[in-house]
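Okay, so the sequence shown: first residue is 5 according to this note's numbering, each after it adds one.
In this text, a Cβ means the ideal position worked out from N, Cα and C, and glycines have one as well.
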Amino acid sequence: MMKTRTLGKSGLEVSALGLGCMGLSYGYGPAADRSDAIKLIRAAFERGVTFFDTAEAYAQGANEALLGEALEPFRDQVVIATKFGFQDGDAGKGQDSRPERIREVADAALKRLRTDRIDLFYQHRVDASVPMDDVAGTVKDLIQQGKVKHFGLSEAGAQSIRRAHAVQPVAALQSEYSLWWREPEKEILPLLEELGIGFVPFSPLGKGFLTGAISESTSFDKSDFRNIVPRFSEENRKANQALVDVLKQIGASLDATPAQVALAWLLAQKPWITPIPGTTKLHRLEENVGAAGIELTPGNLNTIETAFAKITVQGDRYPAHLQERVGK
Ligand SMILES: NC(=O)c1ccc[n+]([C@@H]2O[C@H](COP(=O)([O-])OP(=O)(O)OC[C@H]3O[C@@H](n4cnc5c(N)ncnc54)[C@H](OP(=O)(O)O)[C@@H]3O)[C@@H](O)[C@H]2O)c1
C-alpha cells in the first residue's frame, strides 16, 4: 500500500501521491468518457490513493459531480479537496471570493460531492477585491459549522499566506512546483516550513511535458489549455526536450520512467509535500503511483541538480493575463 504523509501541522493525512482530477473534465481537451473516468478514479483508490483534487472551476462543477459519484462507495476512506474563488465557477470570468459566494460554493460542492463535509477547501486564486481576513474568516465559520475540515490556498503569495494563517490555520498551499518550475523554493517553501503548512504541487509532471510523451510535433486539441502556454510553443517544446533527456538518463539507471523520476524528486524535497499528478489513462496512473515507491539517493538528487542547472527552461509557464493572478 502507498505510504501516507501529513500536510504540515494540520494533522490531515493523505497518500504520498494524490490524484489530480481536473483533466478528466477540463483543460486538456474534451472530457473523458464518464464511466471510464469513474473507473480511473476508483482504480486510483484501489492502488492506495486517498487524496483527490478537484475544483468548482473544473467544468463548472461537473468534475466535482464526477468525484461525488466515483468516491461515494468509500467516501470515509478518502480526502477530497476542492476550491472556490471564481465568478460563477468560471475561471474565464476572474476571481470571486466574496463571503456569500464562498458559502454558496461550499453548499453546492457538498451536494455535487455527495458528502456532508469538504476535507480541504482551497481559495483557487487570491482575490484582490476581498480582504484575506474576510476570506479566512468565512472559511473559519464553515469549519465551525462542520461543512469544511481544513483551509487551503492556491498560488498565494507570502503576505496572503501569513494573513490567512493568522485568522484560520492553513493546512496546505497548492501551487505549481516541478523540476521545470522551482520558484516556490525561494520564498514559499521556507515560509511553509516556518508556519507548518503542507504543500501540494500541481502540474507535477509539467502538464505532461516532463514525462517525455510530448514533442515538438505533438498537436493539442483546440480546447487544450497548453495551446496558450508559452512554454508549450513548438519552438520551446523543442528546446525544452533537454530536460526530458536528463530524466530519461537518470530513470534508466533506476529502472524508472521520466514521470516517475519527476514525481520521486518532488517527494524527496520535503516530507510534507504531496504531489497530485493527473491522468486519464489507467496504465499511466499505475506508472505514476509507482513513483511513491522510488526513493532517490542523495547521489541521484545531486546528478539531477547539476544537470538541470545547466539548462535554461524556455518560455513562461502562463500567458500574461493568467500570470497576473498568481503570487498575490
Ligand atoms: N490550483 C491550480 O490552480 C491548479 C492548476 C492546474 C492543475 N491543478 C491540479 O493539479 C492536477 C495535476 O496537474 P496537471 O493535470 O495540470 O498536470 P500534470 O499532472 O503535471 O500532467 C498531466 C498531463 O500529463 C499527462 N500524463 C500524466 N501521467 C503521465 C505519464 N505517466 N506519462 C505520460 N503522460 C502523462 C496527462 O495526460 P493523459 O491524461 O493523456 O495521461 C496530462 O495531460 C490537476 O488535475 C488539478 O487537480 C491545480
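Spatial distance of Thr-127 from Ala-59 (CA atoms):
Rather than Thr, the amino acid found at residue 127 in this sequence is Gln. Computed Cα separation, rounded: 10 Å.
Is it buried or exposed, Ala-69, if we count other Cβ atoms within 10 angstroms and call 16 or more buried?
buried
By Cβ distance below 7 Å, which residues in the same chain neighbour Lys-151 in space, the five residues on each side in sequence not counted?
So the list reads Ala-110, Leu-114, Arg-121 and Ile-122, once near-sequence residues are dropped.
Return yes when the Cβ of Thr-215 is within less than 8 Å of the Cβ of Ala-263, no when it is not.
yes
Where do the N-terminal and C-terminal ends of the alpha helix (DSSP H) with Thr-310 fall, by residue?
For Thr-310, the enclosing alpha helix (DSSP H) begins and ends at 302 to 313.
For Thr-278, verify whether its CB is less than 7 Å away from any heavy atom of ligand 1.
Incorrect: Thr-278 has no Cβ contact closer than 7 Å to ligand 1.
For Asp-92, which of helix, strand or coil comes out of DSSP?
Here Asp-92 carries a helix assignment [DSSP, helix/strand/coil].
Please confirm if Gln-81 has its CB atom under 8 Å from at least one CB of chain D.
Of the protein chains in the structure, only one exists, and it is not chain D.
Distance cut-off 7 Å: Tyr-32 Cβ against heavy atoms of ligand 1:
yes
Kindly give me the distance between the Cβ atoms of Ser-14 and Ala-170, rounded to whole angstroms, as I take these residues to be in contact under 8 Å.
The beta carbons of Ser-14 and Ala-170 sit about 16 Å from each other, so the pair does not count as a contact at 8 Å.
Let me make sure I understand the geometry here. Which of Leu-183, Asn-240, Phe-203 and Thr-142 has the alpha-carbon closest to that of Ala-160?
Phe-203
Beta strand (DSSP E) containing Pro-188: first to last residue?
Note, Pro-188: premise wrong, no beta strand (DSSP E); not H, not E.
Starting from Val-143, trace the alpha helix (DSSP H) both ways and give me its first and last residue.
136 to 148
Cβ separation of Ala-168 and Val-139, assumed to be a contact under 8 Å, to the nearest whole Å
7 Å
When we look at the beta-carbon of Phe-88 and count the other beta-carbons within 10 Å, is it buried (16 or more) or exposed?
buried
Return the chain-ordered list of same chain residues with a C-beta closer than 7 Å to the C-beta of Thr-8, the five sequence neighbours on each side being excluded.
Glu-17, Val-18, Ser-19 and Ala-20
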